[in-house]
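The structure under discussion appears below in the form of structure tokens.
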């Protein structure tokens, strides 16, 4: 997509800017440690650079409905596996509206310099388990590619009047949530290996 000196210069400028930001974020511990190696592998490729990422997370939000953005509060978030005590401590407290368990697999946003690079990245991502990936937009600097796993859980835990999960079900929810994170890390490592053979 990008041809000509001015467009190539714009690409170089944008990639340099994002790599500098990633370096700063890494230095202060802002980037998920589980995904750093994948980001570095992607950013070593001349025709790609990453703009945002998450290695997967387990969160509890306080909201009437999980898709509502207004008046939604995150009361717990972890990028690592959790214990029953992590969740029990939360659900013993009274929510403003309703507590929802939200488990999500990894997601990355990557700018590809040209269509062929975008298509190759998508193929490798899908082969690695990022089944819901696709080109989200075409910008002045390239193709915005979203790499996303379909693994997720959305589950109500309690409202102001009742707790919805008993001890046995809570134990199972924790196991499933942690399993999604473990599978997410495997997908990340698999994609990293494929990217390294680009």
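Residue numbers (UniProt numbering): 1 to 198. Just so it is clear, CB atoms sit at the ideal spot from N, CA and C, and this is done for glycine as well. All figures in this text were calculated on a predicted structure; none of them were measured in a lab.
Q.
Classify residue 3: buried if its beta carbon has 16 or more other beta carbons within 10 angstroms, exposed otherwise.
A. With a pLDDT of 48 at residue 3, under the threshold of 50, the predicted position of this residue should be treated as unreliable, though the coordinate-derived value follows. Label assigned to residue 3: exposed.
Q. So, helix, strand or coil for residue 2, using DSSP?
A. Residue confidence for residue 2 is low, a pLDDT of 46 falling below 50, so the modelled location carries little weight; the figure read from the coordinates is stated next. Note: residue 2 maps to coil in three-state DSSP.
Q | Start-end ranges of the beta strand (DSSP E) lying completely within the region 23-67, minimum 3 residues | A | Within the region 23-67, the complete beta strand (DSSP E) runs of at least 3 residues are 48-54, 57-62.
(Q) Need the endpoints of the beta strand (DSSP E) that residue 89 sits in, please. (A) That residue, residue 89, is in no beta strand (DSSP E); its alpha helix (DSSP H) goes 84-91.
Q | residue 98 vs residue 64 beta-carbon contact at 9 Å | A | Against a cut-off of 9 Å, the Cβ pair of residue 64 and residue 98 comes out as a contact.
Q. Nearest-angstrom Cα distance between residue 1 and residue 42?
A. Its pLDDT being 46, under 50, residue 1 is placed unreliably in this model, and the value from its coordinates should be taken loosely. Going by C-alpha positions, residue 1 is about 19 Å away from residue 42.
(Q) If contact is defined by three or more beta carbon pairs under 8 Å, each pair taking one atom from either stretch, is the region 68-77 in contact with the region 134-146? (A) No: fewer than three Cβ pairs fall under 8 Å.
Q: If I'm right that residue 173 touches residue 101 with Cβ under 8 Å, what's the distance once you round it to whole angstroms?
A: Indeed, because the Cβ distance is near 6 Å, the residues count as touching under 8 Å.
Q. Taking the alpha carbon of residue 159 as the point to measure from, which residue in 79, 60, 106, 117 has its own alpha carbon closest?
A. Looking at 79, 60, 106, 117, the one whose alpha-carbon comes closest to that of residue 159 is 60.
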